[in-house]
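See below for the structure under consideration.
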Amino acid sequence: MTSRVSSPAPLPSWLKTPIGKASEISRVQKIVKQREIHTICEEGRCPNRGECYANGTATFLLMGHICTRSCAFCQVDKGEAPMSLDPDEPKKVAEAVKLLGLRYVVLTSVARDDLPDGGASWFVKVMDEVRKVNPKTQIEVLTPDFGTGKDAENQQALRVATVVGAKPACYNHNVETVPRLQNPVRRGGKYERSLRVLDLVKEFDDSIPTKSGLMLGLGETKEEIVSTLEDLRGIKCDRITIGQYMRPSLAHLPVEKYWTPKEFEELGAIALKMGFSHVRSAPLVRSSYHAGE
339 MTSRVSSPAP LPSWLKTPIG KASEISRVQK IVKQREIHTI CEEGRCPNRG
389 ECYANGTATF LLMGHICTRS CAFCQVDKGE APMSLDPDEP KKVAEAVKLL
439 GLRYVVLTSV ARDDLPDGGA SWFVKVMDEV RKVNPKTQIE VLTPDFGTGK
489 DAENQQALRV ATVVGAKPAC YNHNVETVPR LQNPVRRGGK YERSLRVLDL
539 VKEFDDSIPT KSGLMLGLGE TKEEIVSTLE DLRGIKCDRI TIGQYMRPSL
589 AHLPVEKYWT PKEFEELGAI ALKMGFSHVR SAPLVRSSYH AGE
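FYI, the working numbering numbers position 268 of the sequence shown as 606, with every residue one higher than the one before it.
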C-alpha cells in the first residue's frame, strides 16, 4: 500500500454519471441544514444521493460530523474533540424523515470512542423517536465496531446488544476492505473486530438481517475479495455491497485500480452463489445503495 501524494488518474467513463435532480438534492439539503443535522450522503459526497432522495431513502449521520477515527479513505472530518451530543438530534432527525417522506432510513454515525457506550444508546434514542413520528418507516443501522476501550470485547457485546434490542430492519457494519489492507485503510479498525459485530447480531437475534460492504481499488486481489466474502458468509452475513473506492482528495489513499463493470458483475455472481440474499455489486454502489429494497 502506498501513501504517496499524486495526481488522481482520470475517471473511467463508467464512473462519470449525472448527480441526479438538482431540485431534489436542494430540497433535502435545505431541510437538513435548517435542523443542523447531517447526512453521510452529503458529508461523503455520495454519487447516488440524488437517486436515493428521489426513491425515498437517505442516510443520516448521527452524533456530529467529527470522527474519533482517522480512516485513510473517508472524507468525514476527523479530530480528537468531537462535537457534544445535541439533545434535540433525535427529534430533528425524526422531523426530517417526516418532511422528506422517507419510507426507509439508514442511521449511521461517526465513531465516538469518547462516549461511555460508543454511542450505542444514542442509536436507540434516535430510532425510538423516528418510529414515534414515522411508524411506517423502516430503519437500518450502520454502526461503528463499538470495540474500543477497557474490557473491549465485553463492552462491544453489550453495545451491539443495545442496538439489536431496538430491532432494526437491518444491521450493517462494513469491513471495508480485505484483511491484508485493514491497517493502512482503516486506522483504528480491525478485521476480526468488525466480523464479530455481525456475528454478535446473529447471536443476539438471528431474525435481523446483517449486511456489510467492500470498497475495491485499494490494491486488493480477486482472490482476497472472494476470501473476504467467504468470511462474511461464515458468520451468516445476509447482504453485501461492493463498490469502487474513489479518492476524495490528494490527502487520501490513491486509487490503485478501477475495477470494470464486468468485474463487479462477476463478483456479484460469486456472492450470490455463496448464498448472500441481497447483492449490490457495481462501480457506483455504496453501503446504503438501494437499501430499501
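All C-beta atoms, glycine included, are put in the ideal place defined by N, C-alpha and C.
- About 5 angstroms separates the CB atoms of residue 435 and residue 472; that is less than 8 angstroms, so the two are in contact.
- The residues 596, in chain order, have a CB closer than 7 angstroms to that of residue 350 in the same chain once the five nearest residues on each side in sequence are set aside.
- Close CB contacts of residue 533 within its chain, under the 8 angstroms cut and outside five residues either way in sequence, are with 513, 569, 570, 573 (chain order).
- Distance between residue 442 and residue 468, taken at the CA atoms: about 11 angstroms.
- Within the segment 502-543, the runs of beta strand (DSSP E) that reach at least 3 residues and sit entirely inside it are, in chain order, 508-510.
- Comparing alpha-carbon positions, the option among 494, 457, 439, 575 lying closest to residue 405 turns out to be 457.
- Distance from the CA atom of residue 444 to the CA atom of residue 478, rounded to whole angstroms, is 5 angstroms.
- Contact between residue 525 and residue 515 is ruled out by a C-beta separation of about 12 angstroms, above the 8 angstroms threshold.
- Looking at the DSSP output, residue 444 shares a beta bridge with 397, 478.
- Measuring C-alpha to C-alpha distances from residue 399 to each of 476, 520, 447 identifies 447 as the nearest.
- Collapsing the DSSP output to three states places residue 554 in a strand.
- For residue 600, the three-state secondary structure derived from DSSP is helix.
- Look at residue 581 here: in three-state DSSP terms it is strand.
- Per DSSP, reduced to three states, the secondary structure at residue 471 is helical.
- Spanning the alpha carbons of residue 562 and residue 554 requires a straight line of approximately 11 angstroms.
- Under DSSP, residue 619 shares a beta bridge with 580.
- With respect to residue 437, residue 369 sits close: the two C-beta atoms are nearer than 8 angstroms.
- Counting C-beta atoms within 10 angstroms of its own C-beta, residue 530 has fewer than 16 neighbours from the protein chains shown and is therefore classed as exposed.
- Counting along the chain, the unbroken alpha helix (DSSP H) around residue 572 starts and ends at 560-572.
- DSSP places residue 549 within a strand segment (E or B) once states are collapsed to three.
- Under the DSSP definition of a beta bridge, residue 377 partners with 398.
- Counting only the Cα atoms, residue 598 lies some 30 angstroms from residue 483.
- For the set 535, 518, 488, 466, the Cα lying nearest the Cα of residue 427 is the one of 466.
- Put simply, of 452, 519, 609, 547 the residue whose alpha carbon is nearest the alpha carbon of residue 480 is 547.
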